[in-house]
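All remarks here apply to the structure that follows.
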Amino acid sequence: MNVYYDKEGARKALEEAIEASKVNLLTQNDVAIQHLSVLDVDRLAVQVTGERNVIWRLGPANEKGEVEEEFSFHMQGVIAQLSLIPGNIEGLDVNRGINTSQGITLVGLGSPKFNDSVDRLSDLYALFARYFPPNSMSRWNANVDEGDTVLKASNRFFTAVEDDPTAEHIRFAKGVDPLNKLERFVSDSLVHTEANVVKYHKHNKTKEGETTIEVAFPSNFRVGDIVEIHASAIAFKTQGRQSTIKMHCNLSGVTLIDSSFSKKTEEAKRSAAIAVIVPKNKLRRKNPYPTSNEPGGKKTRQNEGSGGEPDRQNVSR
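Once you know that position 187 of the sequence shown is 168 in my numbering, the rest is easy, because the numbers rise by one and skip nothing.
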């Protein structure tokens, strides 16, 4: 954000978006998809997935206590940072390529509804923590940036085949890998699967005033846009000597709600007047070799002769 960004206007628009989404999800009454602000954790259970690197996921439990569908949550915010398209990743080996991810950071600009929603993630952490021995899970805390609460969510571009032997490679969606940098990493040991996909959409208003949802591309999103993310809470074991279990927000979708604030910011930056100090009087440039007819010039025998010819009597022989 910069001085041209309308934080107050964006905060009000964000609060309206949060309320609208909350009402919409409450109407659907789907336990598998909830808004963080009205989270019902009592109907969720933990499911263990994976073989080599175990991942714990959440989902609504059936009558037998089994989880058949992964739980995901919706969250609205203003984009503070984003990394949706791969940057300069040439030269990375497969072992480092597995960590290449697509991510986004949301900020609420002081919105109480945004902060309340982020706080509800603590309930998901508590649900995970009950399944593990005491002190074996890292405490989850919301991130703070320049005094504002932020939420970070990301998803890896690849899955290691040894982690999921049944994983099938799918092609990258249009706009995700425009320079084919990611495709170079695909191999017998590293694949891009359905679990790695982040879907992009955008709101569009028709002439009749109705809101429709259309397919979007990662390049459509800018810092300052109001968006809705779709993510799930997962837990995994970290690597290293002091291994611990950590909760992570796994990104699965981003929907553009309002891009007007980022566009107005760019317009304001372009039209901003740049102050230029102009001297009242023009500065003269002094001639290092003034002649007799110029200010500061001295008469010499060289320029006294006719036509500027030197006096023959003073010419060395």
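Just so it is clear, CB atoms sit at the ideal spot from N, CA and C, and this is done for glycine as well.
Item to check | Check whether Ala1 and Asp239 have beta carbons under 8 Å apart | outcome: No, these two residues do not count as a Cβ contact at 8 Å.
Next on the checklist: I believe Leu163 touches Phe153 by the beta-carbon criterion, under 8 Å. Please report the beta-carbon distance rounded to the nearest angstrom.
Outcome noted: That belief holds up - the Cβ atoms of Leu163 and Phe153 are roughly 6 Å apart, short of 8 Å.
Checklist entry - So who's on the other strand from Asp129, going by DSSP bridges? => result Beta-bridge partners assigned by DSSP to Asp129: Asp126.
Checklist entry - Quick one: what's His229 bridged to in DSSP? => result According to DSSP, His229 bridges with Ile215.
Checklist entry - Is it true that the CB of Val179 sits closer than 8 Å to the CB of Val235? => result Taking 8 Å as the cut-off, the beta carbon of Val235 is found closer than this to the beta carbon of Val179.
Next on the checklist: Please identify the residue among Asn201, Gly205, Ile215 whose C-alpha is closest to the C-alpha of Ala176.
Outcome noted: Relative to Ala176, the option among Asn201, Gly205, Ile215 whose CA is nearest is Ile215.
Checklist entry - How about Phe95 and Gly58: are their beta carbons less than 8 Å apart? => result In contact: Phe95 and Gly58 (Cβ atoms closer than 8 Å).
Next on the checklist: Using only CA atoms, which one of His173, Thr174, Arg24, Arg251 lies nearest to Glu47?
Outcome noted: Closest in C-alpha terms to Glu47, from the list His173, Thr174, Arg24, Arg251, comes Arg24.
Item to check | Secondary structure of Glu175, DSSP reduced to three states | outcome: In the three-state scheme derived from DSSP, where H, G and I count as helix and E and B as strand, Glu175 is classed as helix.
Checklist entry - Quick one: is Ser170 buried, meaning 16 or more other Cβ sit within 10 Å of its Cβ, or exposed? => result By the C-beta density criterion, Ser170 is exposed, having fewer than 16 other C-beta atoms within 10 angstroms.
Next on the checklist: Here's the rule I'm using: 16 or more other beta-carbon atoms within 10 Å means buried, otherwise exposed. How should Asp206 be labelled?
Outcome noted: Using a 10 angstroms sphere on the CB of Asp206, the tally of other CB atoms reaches 16 or more, which defines it as buried.
Checklist entry - Between Met118 and Thr219, is the Cβ-Cβ spacing less than 8 Å? => result No. Outside cutoff.
Checklist entry - Between the C-alpha atoms of Ser92 and Asn10, what's the straight-line distance to the nearest angstrom? => result In this structure, the CA atom of Ser92 is about 25 Å from the CA atom of Asn10.
Checklist entry - If you drop the 5 nearest sequence neighbours on each side, which residues of the same chain put their C-beta closer than 6 Å to that of Lys227? => result Take Lys227, set aside five residues on each side of it, and the residues of its chain with a beta-carbon closer than 6 Å to its own are Ser119, Thr219, in chain order.
Next on the checklist: Taking only three categories from DSSP, how would you classify Glu(-4)?
Outcome noted: Taken through DSSP and simplified to helix, strand or coil, Glu(-4) comes out as helix.
Checklist entry - Do Ser233 and Asn136 have their C-beta atoms within less than 8 Å of each other? => result Cβ atoms of Ser233 and Asn136: closer than 8 Å.
Checklist entry - Since Tyr181 is in the beta strand (DSSP E), which residue starts that stretch and which ends it? => result Bounds of the beta strand (DSSP E) holding Tyr181 are 180 to 186.
Next on the checklist: Quick check: the Cα distance between Leu237 and Ile85, rounded to an integer number of angstroms?
Outcome noted: When the Cα atoms are used, Leu237 and Ile85 turn out to be separated by approximately 13 Å.
Next on the checklist: Counting C-beta neighbours from all protein chains within 10 Å, is the total for Met(-18) 16 or more, i.e. buried, or is it exposed?
Outcome noted: Met(-18) counts as buried, since no fewer than 16 other beta carbons sit within 10 angstroms of its beta carbon.
Checklist entry - Distance, Cα to Cα, Thr174 vs His184? => result One C-alpha to the other measures close to 26 Å.
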